[in-house]
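Protein chains in written order, with the numbering used here: chain A, 1 to 470; chain B, 471 to 578; chain C, 579 to 706.
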């Protein structure tokens, strides 16, 4: 009995222990050493990824509160890997901070919240995980204490996420009132799709749309991304968004399974509008972080489109896309982070003629952008292919055609940056930058991920076999 | 007459209408007002609308999870406000104002 | 085991225990006031009859803006005050759940305590 709890909660227990250890270390004022702390965190994160692949039985813990199965564990492994890369790419910035340990604690707490969120089998657990994942993020976004922009980003993040969770709760209370339960299983059997439930569902979907920054609830994204420190921006765009998408699937398929005639049109509408708007805004951005923010918005649209497919296929394609997306987006953010730390600028002008001075960095950025745009040799192509074929398999051809046209449009702005790097003359002279060891690790992992995942079909098959149990 | 009975003397529709009105006032406040503290107050109003609805439904169904949910909402709201107020104080130190319109370094 | 210990120390008296608690509280409060009335000498003065404010003479109107530096106390109070929400339901079900609930609340409170110690180490409790 007890072993079952320990094995089901192993990743969460690991993370909690790590956070508490850091807090105790801070309280006892043990001599701080950023590199030692980073090593400790890395060892914990990597071993957590390891134990997430251990054998386990799927099922529920604490009544219906906590769900666990092999797909959820794989999703957690993806989030852990993303956090590990974020620590690597942001370390040069982090170690200069006065409150380094607090930064780590808060970042790990949000990760803990996301782990609880994606294995929730109950709206109460889901809500708590969501809040644990978002409240520390606001503190993290405003971590640059002297930077006006940063505190503004934190303010906007906390206001919009509190607003979103209030709407979500209002929806949950209607669902609770009409079905008499907050657990996904009971809701699934009691729901009949009447108008009150439709209203509640729309409220819940709105809350989700805020989290994954789908249009028309995306207005906070670009501001927060630009103002927050680069490490947090990359974390928000990858790990936080991934967790929200991962939990959206069980909520839709499990709890609202019988309302698929309501949620599928809503999702298709949301995804088409998101893809088109994200593309249009990305075209005219001058700041690299804002540009990547709108690129993230567009990717969220593709993810939403993928979710509309048949359960197993959709689940597999979404998880597979997230796996690739983590490497491609974090690869791009590593380069942005290196350039911003060394030159203090993040406008697109810095990237002009980057190939002449820093060929390695521009090659990595090229790979990452190819993967984000979905150009064949990079893994992103396969990710998008599976997402679209999942939607097409369910027969939503119009949406798939719109999405494909937009993929072609998006080539323009992704390749525009590539052109700037390789063809244009440099605007300012940047000397040859030497990435620190941690940044090199991050660059290396991301490149490997982008290149390798697309060429090993076994990975998709593995995910497909897992997600029979979404 | 115990508390449950007293609560049930008012039909459930009235609770739903009241909390919907509260929620609408909250949403309007968030969208219309530009002062960060007033926006927080409006968000609290929205949360309280959800809380009221949960309590009413839970009493009518004689089912406790709804009320447990309410406890957690209260605690989470407090945590949210704590972080939000800390950020407001930080902004105040930087720019001497808490009007959201002053926060235009980044376009809203 | 633990359940037994709790039971022996806290006999189940139903609602009588509530009345007893109220009675004890009343005696404590009234007793303190009565004792100070009886023991202390009565010598009113101009300063003494003013509203009490830290023992110093009051200065200026009371409707002033508070120093923003107090926000830290407000925040810490807010967080630790609200956590009591969980202690009340816990106290209600302690008898039925026994040792498990006891251990869980110990963990919960000790994590909170760590937070308080952290705030203290950071100097958040220092009087400004």
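Even glycine gets a Cβ: it sits at the ideal position worked out from N, Cα and C.
- Under the three-state reduction of DSSP, residue 258/A is assigned to helix.
- In this structure, the straight-line span from the alpha carbon of residue 488/B to that of residue 518/B is close to 11 Å.
- Pairing residue 552/B with residue 703/C gives a Cβ-Cβ distance that is not under 7 Å.
- Relative to residue 447/A, the option among 346/A, 426/A, 333/A whose CA is nearest is 333/A.
- By the Cβ rule, the stretch 367-375 of chain A does not count as touching the stretch 458-466 of chain A, because fewer than three pairs are nearer than 8 Å.
- Taking 7 Å as the cut-off, the Cβ atoms of residue 290/A and residue 226/A count as close.
- Excluding sequence positions up to five before and after residue 679/C, its CB lies within less than 7 Å of the CB of 668, 671, 672, all in the same chain and listed in chain order.
- Around the CB of residue 67/A, 16 or more other CB atoms lie within 10 Å, so the residue is classed as buried.
- For the pair of segments examined, the stretch 379-395 of chain A was found to touch the stretch 317-332 of chain A: the number of CB pairs separated by less than 8 Å reaches three.
- Neighbours of residue 477/B across chain A, judged by C-beta separation under 7 Å, do not exist; the nearest C-beta is about 14 Å away.
- Contact of residue 26/A with chain C by beta-carbon distance below 7 Å involves 696.
- DSSP places residue 479/B outside both helix and strand once states are collapsed to three, so it counts as coil.
- Listed in chain order, the non-local C-beta contacts of residue 156/A below 6 Å within the same chain comprise 220, 223, 224, local neighbours out to five positions each way being set aside.
- When only Cα atoms are considered, residue 367/A and residue 537/B end up about 52 Å apart.
- Restricting attention to 73/A, 214/A, 169/A, the CA atom closest to the CA of residue 543/B is found in 169/A.
- Distances from the alpha-carbon of residue 432/A to those of 391/A, 53/A, 343/A put 343/A closest.
- By the rule that beta-carbons nearer than 7 Å mark a contact, residue 649/C touches chain B.
- The Cβ-Cβ distance between residue 524/B and residue 540/B falls below 7 Å.
- Between the C-alpha atoms of residue 231/A and residue 602/C there is a straight-line separation of about 57 Å.
- The three-state reading of DSSP puts residue 331/A in helix, counting H, G and I together.
- Taking a beta-carbon distance threshold of 7 Å, residue 540/B does not count as an interface residue toward chain A.
- Not a single C-beta of chain B is nearer than 7 Å to the C-beta of residue 397/A.
- DSSP places residue 59/A in the strand class (E or B) of the three-state scheme.
- With a cutoff of 7 Å on beta-carbon distance, residue 427/A and residue 352/A are scored as near each other.
- For residue 654/C, same chain residues with a beta-carbon under 8 Å away, outside a window of 5 residues either side, are 694, 697, 702, 703 in chain order.
- The alpha-carbon separation between residue 513/B and residue 166/A amounts to approximately 7 Å.
- DSSP, read as helix, strand or coil, puts residue 347/A in strand.
- Interface annotation, residue 549/B: in contact with chain A, CB-CB separation under 7 Å.
- Secondary structure note for residue 66/A: its beta strand (DSSP E) is the uninterrupted segment 66-68.
- Assigned with DSSP and collapsed to three states, residue 505/B falls in strand.
- Classified as exposed, residue 691/C has fewer than 16 neighbouring CB atoms from the shown chains inside 10 Å of its CB.
- When rounded, the separation of the alpha-carbon atoms in residue 18/A and residue 269/A is 42 Å.
- At a cut-off of 7 Å between beta carbons, residue 517/B contacts chain A.
- It is roughly 21 Å from the alpha-carbon of residue 256/A to the alpha-carbon of residue 75/A.
- In this structure, the beta-carbon distance from residue 139/A to residue 106/A falls below 7 Å.
- Residue contact check for residue 252/A against chain C: no CB pair falls below 7 Å.
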